[in-house]
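Beneath this line is the structure, given in structure tokens, with notes to follow.
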Amino acid sequence: MHWFIIILLLILMLTTVWIFRSYRSMPKLPLLGVDWLGGLMWGLIVLCIIFVCVYGEHYDWCHSVYIRAATVAGLVMLLLNLWRASFIRHPYIPNQTWMCRPVYLTFILYMVVDIFLAPSHLFEHIYMGAILGYGELHIISYNWIILLGSVLGAVFSYFTFARRKWKYKTMTLLAFLSILGYLMWFYFYIDYNLPKASMYLPLFLRGGWLCLDRHCLSYFSLSGAFSSFLQCSVHSIAGQCRFCRAIGAAILERGLNVVMKKNVMVLGAGLDRVNSVTAYIQPGPLYGMLQ
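Using the working numbering, you'd call the opening residue of the sequence shown number 21 and step up by one each time.
Below, the structure written as structure tokens:
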């Protein structure tokens, strides 16, 4: 089945390339004067950030030589890139771009959204897989609901944001209300006996908030902060690369691990041989019960 899908996608891609091989909607622009070295360095900086955030807890953060090396490499490349952008003629991302209001506001917005959604994804998979005992096919079938929410969110954005000219604040508020509805359901309405259809609404809301990406991209494009199209890659760094999600997940994972260890020490203080209730339970099953 997987090979069939891959072959079908390859055929579709090749057919699309062949059909539009001679079509060009605008004049051909030669890629002259592009700061390829700056673009490569920005990509490596993002890779270092993602590596540190994803594998930091696994390697025990700064106690690992890998995390220290990635952190130092990322900081050195960041300083070099900012220094280069201060004197070359056409930097990949000019330094003044980062001071524009649409840029740092969008970064903050992505960070907040990704921190909100980081624990919900974890709890969602634990709930469906470990508690309800759903198989992979059942869990994957929910992707159709998320896809439906994304499509309807895009259609809704088109008729309200593009056609009726709703404001950015209104669309952002609706996106955050969608995220809030998803989180409220998973934190307060979750139960062992819920039917499968009851999770359609929160997953639909999770798919609907993706229209926020389109608003941020249009906010970027119309902000006047970019002198060339390549500089819009700032949105790709925050949105498509999802390094904000990696940072949010790392912060929450570290916080949850610290709280978990503290709770284990507090709750397990009285679980010893002196306790008559747990004196005859083996350490392995006892620790499992505590967890």
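Yeah, the Cβ is synthetic: ideal placement off N, Cα and C, and Gly gets one too.
Please state the DSSP three-state secondary structure of residue i.
{"i": "residue 273", "result": "helix"}
{"i": "residue 145", "result": "helix"}
{"i": "residue 107", "result": "coil"}
{"i": "residue 184", "result": "coil"}
{"i": "residue 76", "result": "coil"}
{"i": "residue 122", "result": "helix"}
{"i": "residue 289", "result": "coil"}
{"i": "residue 19", "result": "The structure shown does not extend to residue 19, since the chain spans only 21 to 311, so no value can be given for it."}
{"i": "residue 300", "result": "coil"}
{"i": "residue 283", "result": "helix"}
{"i": "residue 55", "result": "coil"}
{"i": "residue 84", "result": "coil"}
{"i": "residue 213", "result": "coil"}
{"i": "residue 65", "result": "helix"}
{"i": "residue 130", "result": "helix"}
{"i": "residue 135", "result": "helix"}
{"i": "residue 113", "result": "coil"}
Just the C-alpha distance for residue i and residue j, rounded to the nearest angstrom, thanks.
{"i": "residue 280", "j": "residue 135", "result": "19 Å"}
{"i": "residue 103", "j": "residue 277", "result": "38 Å"}
{"i": "residue 151", "j": "residue 208", "result": "16 Å"}
{"i": "residue 153", "j": "residue 217", "result": "15 Å"}
{"i": "residue 291", "j": "residue 285", "result": "10 Å"}
{"i": "residue 137", "j": "residue 105", "result": "34 Å"}
{"i": "residue 133", "j": "residue 63", "result": "22 Å"}
{"i": "residue 77", "j": "residue 273", "result": "8 Å"}
{"i": "residue 275", "j": "residue 28", "result": "44 Å"}
{"i": "residue 185", "j": "residue 129", "result": "21 Å"}
{"i": "residue 83", "j": "residue 282", "result": "21 Å"}
{"i": "residue 121", "j": "residue 127", "result": "10 Å"}
{"i": "residue 155", "j": "residue 163", "result": "14 Å"}
{"i": "residue 199", "j": "residue 303", "result": "42 Å"}
{"i": "residue 301", "j": "residue 289", "result": "15 Å"}
{"i": "residue 204", "j": "residue 197", "result": "10 Å"}
{"i": "residue 271", "j": "residue 34", "result": "42 Å"}
Terminal residues of the continuous alpha helix (DSSP H) containing residue i?
{"i": "residue 190", "result": "188-208"}
{"i": "residue 156", "result": "156-161"}
{"i": "residue 310", "result": "303-310"}
{"i": "residue 222", "result": "220-228"}
Tell me which same chain residues have a C-beta within less than 7 Å of the C-beta of residue i, skipping the five on either side of it?
{"i": "residue 172", "result": "228"}
{"i": "residue 143", "result": "206"}
{"i": "residue 147", "result": "210"}
Tell me which same chain residues have a C-beta within less than 6 Å of the C-beta of residue i, skipping the five on either side of it?
{"i": "residue 169", "result": "224, 227, 228"}
{"i": "residue 68", "result": "90, 93, 94"}
{"i": "residue 269", "result": "138"}
{"i": "residue 220", "result": "165"}
Using 9 Å as the limit for Cβ to Cβ distance, is residue i near chain C?
{"i": "residue 154", "result": "The structure shown contains no chain C, having only a single protein chain."}
Grab me the residues of residue i's own chain with a C-beta within less than 8 Å of its C-beta, minus the 5 sequence neighbours each way, in chain order.
{"i": "residue 149", "result": "159"}
{"i": "residue 115", "result": "102, 105, 106"}
{"i": "residue 311", "result": "284"}
{"i": "residue 60", "result": "none"}
{"i": "residue 145", "result": "159"}
> Does the segment 211-229 touch the segment 81-98, meaning 3 or more C-beta pairs lie closer than 8 Å?
Replying inline: no
>> Measuring CB atoms only, is the segment 78-96 touching the segment 28-38, in the sense that at least three cross pairs come out at less than 8 Å?
In response: no
> Three or more beta-carbon pairs under 8 Å between the segment 261-273 and the segment 71-89, yes or no?
Replying inline: yes
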